[in-house]
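2 protein chains.
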Amino acid sequence: MDMNLDAFADKIMLVDNVLNESLRGEVPNLHDAIEYHMSTGGKRIRPLLAIMTCEALGGSVEQAVPFAAACELTHAWLLVHDDFQDGDRVRRNKPAVWVKYGAPHAVNIGDYMAHKVFQLILKCSYAGVKDAVVMKLINEAVETTLVTAEGQAMDMNLRANDSPTEEEYTKMVSAKTGRYLTMPIKGGALIAGIEYLSSRIAEFGTQLGLAFQITDDILDLTEGKGRGETGRDIKEGKRSMMVVHCIGKCTKDEREKLLQILNKPVEETTNDDVLYAKSLFEKYGSIKYAQEKAEHYSDKAKQIADSMPPKLREVLHFFADYIVKRKR
Amino acid sequence: MDMNLDAFADKIMLVDNVLNESLRGEVPNLHDAIEYHMSTGGKRIRPLLAIMTCEALGGSVEQAVPFAAACELTHAWLLVHDDFQDGDRVRRNKPAVWVKYGAPHAVNIGDYMAHKVFQLILKCSYAGVKDAVVMKLINEAVETTLVTAEGQAMDMNLRANDSPTEEEYTKMVSAKTGRYLTMPIKGGALIAGIEYLSSRIAEFGTQLGLAFQITDDILDLTEGKGRGETGRDIKEGKRSMMVVHCIGKCTKDEREKLLQILNKPVEETTNDDVLYAKSLFEKYGSIKYAQEKAEHYSDKAKQIADSMPPKLREVLHFFADYIVKRKR
Chain Z
110 MDMNLDAFAD KIMLVDNVLN ESLRGEVPNL HDAIEYHMST GGKRIRPLLA IMTCEALGGS
170 VEQAVPFAAA CELTHAWLLV HDDFQDGDRV RRNKPAVWVK YGAPHAVNIG DYMAHKVFQL
230 ILKCSYAGVK DAVVMKLINE AVETTLVTAE GQAMDMNLRA NDSPTEEEYT KMVSAKTGRY
290 LTMPIKGGAL IAGIEYLSSR IAEFGTQLGL AFQITDDILD LTEGKGRGET GRDIKEGKRS
350 MMVVHCIGKC TKDEREKLLQ ILNKPVEETT NDDVLYAKSL FEKYGSIKYA QEKAEHYSDK
410 AKQIADSMPP KLREVLHFFA DYIVKRKR
Chain H
110 MDMNLDAFAD KIMLVDNVLN ESLRGEVPNL HDAIEYHMST GGKRIRPLLA IMTCEALGGS
170 VEQAVPFAAA CELTHAWLLV HDDFQDGDRV RRNKPAVWVK YGAPHAVNIG DYMAHKVFQL
230 ILKCSYAGVK DAVVMKLINE AVETTLVTAE GQAMDMNLRA NDSPTEEEYT KMVSAKTGRY
290 LTMPIKGGAL IAGIEYLSSR IAEFGTQLGL AFQITDDILD LTEGKGRGET GRDIKEGKRS
350 MMVVHCIGKC TKDEREKLLQ ILNKPVEETT NDDVLYAKSL FEKYGSIKYA QEKAEHYSDK
410 AKQIADSMPP KLREVLHFFA DYIVKRKR
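Protein chains in written order, with the working numbering: chain Z, 110 to 437; chain H, 110 to 437.
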């Protein structure tokens, strides 16, 4: 199976059309900024998960599109706020919204987009989704963002933690990343009229989220994730899978030096600091450990998917593979 | 009629109980921060409007309480984000959330609270509100926040505008302040099963919002609005009703000096600058003009209320008076 999402361009176009129409407007430093942010691209994993899940369970693609757009928009506004919170100045090789429009506007822009999410979900009614299902979709979107915000707080708290454990990392990632990879799958199933899979989908999403985040941690070191440089996470002091593993393995002196680098303000961290951290990760096999962990969670996700209806199983296997094999 | 809200302590307690229960949690720099922010107080105008409207139209107080709590929480999270956006360091005589917890956490805290709003509205189902009405309440909350965010963008844009007109001011305030004073009244009516008043309520809310904001502009100069000083708006370069009026009346030299003061960074604006702006407002009768305008909009609001059912009319008259006569 080809490991990119180009084959689904027709579905992506349906989603983008709904998003473009929904986000149009005339207020300067708001609608223009949203158009700018949305035009920077993105893989569209979440809307595809929503549509393909719905389709695989016998539901209508058309009915799933507004919700799929809502999933992508959830991802998009979280990035607008996250980039400011993390001090990320570059997103998809372009200036982040808070850099281009200023932090005050960026906060407001994210708030506006976050509420457009619910407007899109309410639009499912017009596509023929029953009110009772729309209410469940709204509930899912609300719970998802609440858990994601808890995960984001844990992530920021963990950056002030000098002995982060793998358990804390796993808990944070399950909240911050896993939950909002679950939302499109659960929602897609609900639109197809399938509720009995919800808890298994949540288990799948948690494993997928862990595989996704650990792969993201690795890609930041190797490919750079469109943030203008590799090793950005080290500058930001992020407690990545590699940091958590390495801190538990290295000597006391190495640990102190690594923490000193991680805890420096972003602008004071040099490229030599980043190289030192990388070399330490290599010395203790932390990158290899992270790769194995990502594979492990991807495999666990696939095992859970094995108990699902065959067509859905195929879709979920595809994404479980894609997520650890992607290069961006 | 007594011009404070102490008489409604029993209703406020119902709302506060629901809020306290809904916002409880264990994540550091999130739930503790929300508790901190909520404990700084607030007048609780919006939840009272929701409950008293519902009651006046024959609806159940109990059914209105979760929605009333959602209205208060909408106000509360908007303040968390607004204080950061405006550079307001003090809120209700205490450090603002972004000052106490840092801007990155403050953004996340506001996001979390914004989604608790929808969790509270969904809870109306448990209080016996029909699903179709809950969907309308959600729609109202979504549209409200979208318009408010548009107004907030306009407000920030207006601060970069050296010839702000009263028309631009009125448009900005109608979006930023009017809409989310409308939400509790409209929602309260919907819970009572009354939909035919919606457009008249929206007209009332627009006038009430203008009266509210202009009174707020004046209180910032005279009483200080719990932000640690008077004249804070001048330091922030806000285009208040007085600024808009004065700029249209004063000489070219005075106009230039006033704009220079308004356009300085907050920390560079001296107390002498504030005194100069105040003296200019007095010279041109801008404060008096603003007071008359606030009264005018309050009167217009009351005229609109005159066409409503008698019990609701009484409630809305009370708030239209309260809003221009309050001292904080």
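Note that beta-carbon positions come from the ideal geometry of N, C-alpha and C, so glycine has one too.
Enumerate, from N- to C-terminal direction, the unbroken alpha helix (DSSP H) stretches of 4 or more residues contained entirely within the stretch 191-236 of chain H.
-> 206-210 and 212-231
Along chain H, in chain order, which residues have C-beta atoms closer than 9 Å to that of Z/Lys-225?
-> Val-251 and Leu-255
What did DSSP end up calling H/Gly-335 once you bin it into helix, strand or coil?
-> coil
Can you round the beta-carbon distance between H/Ile-230 and H/Phe-176 to whole angstroms, since I take them to be within the 8 Å contact cut?
-> 6 Å
DSSP on Z/Ser-148, reduced to helix/strand/coil?
-> In the structure shown, Z/Ser-148 sits in a helix (DSSP, three-state: H, G or I).
Would DSSP call H/Met-265 helix, strand or coil?
-> In the three-state scheme derived from DSSP, where H, G and I count as helix and E and B as strand, H/Met-265 is classed as helix.
Delimiting residues of the alpha helix (DSSP H) encompassing H/Thr-378 | From DSSP, H/Thr-378 is part of no alpha helix (DSSP H); its letter is neither H nor E.
Endpoints, alpha helix (DSSP H) assigned at H/Leu-166 | In the DSSP assignment, H/Leu-166 falls outside any alpha helix (DSSP H), carrying neither H nor E.
Tell me whether H/Lys-225 is buried or exposed, calling it buried when 16 or more other Cβ atoms sit within 10 Å of its Cβ.
-> buried
Ignore the nearest five residues each way along the sequence and tell me which others in Z/Met-147's own chain have a CB closer than 6 Å to its CB.
-> none
Select from Z/Thr-162, Z/Ile-327 and Z/Pro-419 the residue whose C-alpha is nearest the C-alpha of Z/Thr-291.
-> Of the listed residues, the one whose Cα sits closest to Z/Thr-291 is Z/Thr-162.
Could you tell me which chain Z residues have their CB closer than 8 Å to the CB of H/His-190, listed as they occur along the chain?
-> Val-216, Asn-217 and Asp-220
Beta-carbon spacing of Z/Leu-319, Z/Tyr-406 below 8 Å | yes
How would you list, in chain order, the residues of chain Z whose beta-carbon sits under 8 Å from the beta-carbon of H/Ile-247?
-> Phe-227, Leu-231 and Ile-247
Return yes when the Cβ of Z/Lys-402 is within less than 8 Å of the Cβ of Z/Glu-332, no when it is not.
-> Against a cut-off of 8 Å, the Cβ pair of Z/Lys-402 and Z/Glu-332 comes out as no contact.
Can you say whether H/Asp-415 is buried or exposed, counting buried as having 16 or more other CB atoms within 10 angstroms of its CB?
-> exposed
Z/Arg-153 - DSSP class collapsed to helix/strand/coil = coil
Check the Cβ-Cβ distances between H/Met-281 and every residue of chain Z, and say whether any is below 8 Å.
-> no
Helix, strand or coil at Z/Cys-359 according to DSSP, with G and I counted as helix = coil
So is Z/Met-115 buried or exposed if we call it buried at 16+ other beta carbons inside 10 Å?
-> Reading the sequence as shown, one finds Asp at residue 115 of chain Z and not Met. Exposed is the call here.
Give me the Cα-Cα distance between Z/Gly-150 and Z/Ser-308, rounded to the nearest whole angstrom.
-> Taking the straight line joining both Cα atoms gives about 31 Å.
Whole runs of the alpha helix (DSSP H) within the stretch 362-432 of chain H, excluding any shorter than 4 residues = 380-392 and 395-414
Pair within 8 Å by beta-carbon distance, H/Lys-411 and H/Ala-429 | yes
Given that Z/Asn-138 touches chain H, what residues does it touch there, using C-beta distances under 8 Å?
-> Ordered by position in chain H, the residues that pass the 8 Å Cβ test against Z/Asn-138 are Ala-262, Met-265 and Asn-266.
Cα-Cα separation between H/Thr-274 and H/Asp-264, rounded to whole angstroms = 13 Å
Reducing DSSP to helix, strand and coil, say where Z/Thr-279 ends up.
-> helix
Any beta-carbon of chain Z closer than 8 Å to the one on H/Pro-419?
-> no
Of all the CB atoms in chain H, is at least one closer than 8 Å to the CB of Z/Met-351?
-> no
Return the first residue and the last residue of the alpha helix (DSSP H) that Z/Tyr-305 is part of.
-> From DSSP, Z/Tyr-305 is part of no alpha helix (DSSP H); its letter is neither H nor E.
Residue range of the alpha helix (DSSP H) that includes Z/Lys-344 = 341-344
Going by other Cβ atoms of all chains shown within 10 Å of its Cβ, with 16 needed for buried, is H/Met-122 buried or exposed?
-> H/Met-122 is exposed by the Cβ-count criterion.
Return yes when the Cβ of H/Val-216 is within less than 8 Å of the Cβ of Z/His-184, no when it is not.
-> no
How would you list, in chain order, the residues of chain H whose beta-carbon sits under 8 Å from the beta-carbon of Z/Asp-240?
-> Asp-240, Ala-241 and Met-244
Is the stretch 342-360 of chain Z in contact with the stretch 382-398 of chain Z, if contact means three or more CB pairs nearer than 8 Å?
-> Judged by Cβ distances under 8 Å, the stretch 342-360 of chain Z makes contact with the stretch 382-398 of chain Z, as three or more pairs qualify.
Contact residues within the stretch 167-192 of chain H, judged by C-beta distance below 8 Å to chain Z = His-190
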